[in-house]
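A quick write-up on the structure given underneath.
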Amino acid sequence: MNLISIEQVARSFGERILFKDISFGINKGQKIGLIAENGSGKSSLLDIIAGKTLPDQGQVNYRKDMKLAFLAQEPELNNEWTIEETLTRADHPMMRVITAYEHALLHPEDEKSYQVAFEAMERSSAWDFEFQYQQILSRLKLEDLTLKVGNMSGGQKKRLALALALLETPDVLLLDEPTNHLDLGMMEWLEAYFAKEKMTLFMVTHDRYFLERVCDQIIELDRGELYHYSGNYSYFLEKRQERLALEALMQHKNDQVFKSELDWIRRQPKARTTKSKSRIDDFAAIEAKTKQRRQEHKIQLEINMNRLGAKIIECHKVHHAFGQKVILDGFSYHFQPAERLGIVGKNGTGKSTFLNLISGKIDPQGGKIVLGETVQIGYYTQAGIEVKPGQKVIEVIQEFGEYIPLKHGRQLSASQLLERFLFDRKKQYDYVEKLSGGERKRLYLCTVLIQNPNFLILDEPTNDLDVVTLGVLESFLLDFPGCLVVVSHDRYFMDKIVDHLLVFEGQGAFTDFPGNYSDYRAYTQDAPKSSLSQSAETKKEVTKVKTPQQNLQIKKEIQKIETQISVLEKEKSELELAFLNPGLSPEEMTKLSIKLAKVTDEIDEKTMIWMEYSDEMGQ
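Residue numbers are given in my numbering: position 314 of the sequence shown equals residue 314, and the series is strictly consecutive.
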């Protein structure tokens with residue numbers, strides 16, 4: 001059954017044509033992934049399908065009474081509403097039933113209203129939906145329903161918008177980078193959720209494991225043309241390579257014809273016959289095809305970096321903590337030449353702190369870290385790049401270096417490096433403020449690489465990068481001869497780049513695992529399973545064990561504690577940021593540590609009480 005038809009759609013910006021005469025359909029039950037380079041029109045096409053913008057030409061037709069939901073990269077939410085208000089005010093009939101029931105719980109003296117609300121919950125099977133609603137919020141770590149949208153981080157807003165989209169239960173769900181701001185556990189849960197639910201999906205994502213495990217159709221937008229692949233990401237890679245090989249063969253044949261025709265043109269006398277004029281016209285068409293040469297942006301470099309000595313970076317019984325939160329406790333480690341280390345662990349276990357320690361950004365509180373004399377560190381952080389107003393792309397990178405030395409006396413200029421990372425000559429002279437988020441990340445990578453480090457540290461380098469750029473980065477890193485340390489939530493990237501892991505488990509505990517991320521997940525057998533598969537009878541029973549009055553009292557206590565935890569978490573974040581001030585005296589640092597420890601203990605205490613009350617709600 002066809003739900004959406006896209007017919008001869010076109011979109012351009014000024015003289016630049018993103019795509020034209022694009023036609024395809026979205027059928028019921030399909031899970032489609034859209035792949036293209038940044039700037040090629042992926043988000044524009046999504047906006048057109050979602051009805052957010054109109055195409056320059058063509059039209060989009062929707063099946064009658066079809067329900068559509070759209071998760072944008074930058075969700076539009078009311079900053080004045082709380083999470084609870086955002087969810088309850090959503091245009092969903094089941095949410096209205098649940099809201100009426102919760103309102104009745106607040107007024108137990110009105111027995112008639114309570115009975116009506118209770119019967120409505122029973123009639124519509126809203127107990128099941130309420131359980132699903134709670135589980136989705138829990139999985140996406142949106143437990144504090146009193147938190148205002150305006151006080152939320154960008155990641156929290158994206159997760160709230162995702163929760164809204166899932167709870168709408170639409171006929172078609174459009175997703176623009178759904179795994180952004182999700183940790184590994186959330187990604188795996190969402191994969192399992194989509195794999196289980198019979199939903200129609202159309203998505204743009206750079207997460208290749210997500211494409212592999214969720215999608216059954218891939219659409220590639222390449223130089224304004226659409227190519228369809230009836231399979232997952234692995235199938236797409238195989239068939240795309242076949243297509244490119246055929247294109248290369250046709251290009252070679254066209255080159256031969258071009259050379260032959262060019263030679264004929266040069267030999268012709270000035271006086272032209274009608275026949276020769278026709279052949280000249282044909283030559284113009286051949287010439288145009290010849291100029292449409294594909295640039296694959298493969299990076300194979302023999303970098304001539306400074307040789308690493310026997311001593312690289314050595315950690316000797318390193319200790320570091322924030323109050324009672326221990327990051328490292330007697331940590332010892334010696335980096336080896338050409339080591340490719342991945343850092344994994346839950347948020348808050350100290351991964352970024354560890355990178356700051358080995359890079360020398362901060363000093364350990366105990367023990368010592370020794371750097372070898374020949375070590376040149378390149379550090380890509382999550383903070384991104386700071387540029388001066390009015391700077392052009394080429395000017396930014398030239399501040400860090402003019403070239404990378406290669407073997408045999410050759411050089412790779414700053415401009416050539418930018419070209420390898422998809423900045424053509426015209427783009428290099430654009431102002432940085434015109435760049436997209438993904439393009440800024442690419443530029444930042446180039447500023448780190450142009451410094452020719454032999455010890456490269458990358459903290460979430462794949463955020464905001466498209467699949468094509470990720471391939472370019474991976475190609476570079478696979479040929480990188482120095483040491484490499486990577487923190488990333490991109491499972492595909494980690495599997496491809498690193499050969500062993502340092503797993504941070506919290507409170508100074510860690511495991512050195514000899515394998516990549518997939519090996520580690522298989523070893524631990526900790527793949528999260530969707531908890532949404534519990535029986536409806538169990539869910540209903542859980543909901544109805546306690547009386548409404550008992551549930552009301554417990555709910556009030558839970559909300560009170562959640563508010564307290566939210567305030568404490570904010571205070572904790574402010575204290576942790578204060579530690580980054582380089583001007584702190586030892587006395588000030590000690591005071592901050594004591595205060596942070598106290599706040600952390602209070603959070604732990606409140607969380608335990610919250611868990612006890614939550615268990616009571618489920619009994």
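Beta carbons are placed, not taken as given, at the ideal position from N, Cα and C, and that holds for glycine.
Bear in mind the structure is a predicted one, so any value in this text is a computation, not a measurement.
Residue i, buried or exposed, once every other Cβ within 10 Å from all chains shown has been counted against 16
i, result
"P514", "exposed"
"G345", "buried"
"V370", "exposed"
"M203", "buried"
"F13", "exposed"
"M494", "buried"
"T590", "exposed"
"I17", "exposed"
"S533", "Low confidence applies to S533: its pLDDT is 34, below 50, so where it sits in the model is not reliable, and the reading given next is rough at best. Classification of S533: exposed, given that the 10 Å Cβ count is below 16."
"A527", "In this predicted model, A527 has a pLDDT of only 42, less than 50, meaning its place in the structure is not dependable enough to derive any value."
"A509", "exposed"
"P93", "exposed"
"H689", "As shown, the chain starts at 1 and ends at 619. That puts residue 689 outside it, with no answer to give."
"K368", "exposed"
"M187", "buried"
"K275", "Unreliable positioning characterises K275 in this predicted model, as indicated by a pLDDT of 48, which lies under 50. The coordinate reading is nonetheless provided below. Per the 10 Å Cβ criterion, exposed."
"L174", "buried"
"K351", "buried"
"S585", "exposed"
"I594", "exposed"
"M121", "buried"
"G154", "exposed"
"V613", "Checking the sequence shown, residue 613 turns out to be Tyr, not Val. When all chains shown are included, Y613 counts as buried."
Proximity to residue i [Cα-Cα], best of the options
i, options, result
"T381", "K595, Y209, V448", "V448"
"H500", "A126, Q376, V486", "V486"
"A383", "G323, A310, Y333, L458", "L458"
"E402", "I450, K198, G583, E177", "I450"
"N151", "F118, W81, C215", "W81"
"Q376", "S436, K311, P389, K434", "K311"
"T146", "V97, E84, G437, S436", "E84"
"I623", "F354, A117, Y431", "The structure shown does not extend to residue 623, since the chain is modelled only from 1 to 619, so the question has no answer here."
"A117", "E386, L201, H103, A245", "H103"
"T169", "L221, I218, M95", "M95"
"L418", "I397, L478, F476", "I397"
"G438", "V468, Y379, G231", "V468"
"L226", "E571, N356, G41, Q416", "G41"
"H334", "D176, L77, V318", "V318"
"L46", "R63, I4, L167, E15", "I4"
"L166", "Y62, G154, Q132", "Q132"
"L575", "L87, K20, K325, R139", "K325"
"K570", "I554, E602, E588", "E602"
"S124", "E587, I98, E143", "I98"
"L596", "H228, I497, S573, K388", "S573"
"S415", "H408, E7, K407, Y429", "Y429"
"E220", "L237, V214, F210", "L237"
"H489", "Q156, I22, G185", "G185"
"L162", "L355, R521, F70", "F70"
Start and end residues, beta strand (DSSP E) containing residue i
i, result
"G342", "340–345"
"I497", "Looking at the DSSP string, I497 is not in any beta strand (DSSP E); the run it does join, the alpha helix (DSSP H), is 491–497."
"D128", "Unbroken run through D128 is the alpha helix (DSSP H), 126–139; no beta strand (DSSP E)."
"I377", "377–380"
"A321", "313–322"
"K368", "366–371"
"K20", "16–27"
"I4", "2–13"
"G330", "325–334"
"L501", "500–506"
Inter-residue CB distance, residue i and residue j (contact presumed, cutoff 8 Å)
i, j, result
"L456", "F423", "With a Cβ gap of about 20 Å, L456 and F423 do not count as contacting."
"L341", "L502", "6 Å"
"K427", "L465", "The Cβ separation is near 16 Å, so there is no contact."
"L484", "H206", "Rounded, the Cβ-Cβ distance is 20 Å, inconsistent with contact."
"G378", "P461", "So it is not a contact: roughly 11 Å between Cβ atoms."
Span of the alpha helix (DSSP H) around residue i
i, result
"Q115", "111–123"
"D519", "517–524"
"K158", "154–167"
"T620", "Lying outside 1 to 619, the shown extent of the chain, residue 620 is not represented and no answer is given."
"S43", "42–50"
Any non-hydrogen atom of the ligand MN within 6 Å of residue i CB
i, result
"E85", "Among the components modelled here there is no ligand, and therefore nothing to report on the ligand MN."
Counting only runs of 3+ residues fully inside the segment 388–476, write out the beta strand (DSSP E) ranges in chain order. Fully enclosed beta strand (DSSP E) runs of 3 or longer: 403–405, 411–413, 455–459.
Entirely enclosed beta strand (DSSP E) segments - the segment 61–110, minimum 3 residues: Counting whole runs of 3 or more residues, the segment 61–110 contains the beta strand (DSSP E) stretches 68–71.
Complete beta strand (DSSP E) runs within the segment 171–245 (minimum length 3 residues, chain order): Fully enclosed beta strand (DSSP E) runs of 3 or longer: 172–176, 200–204, 217–222, 225–229.
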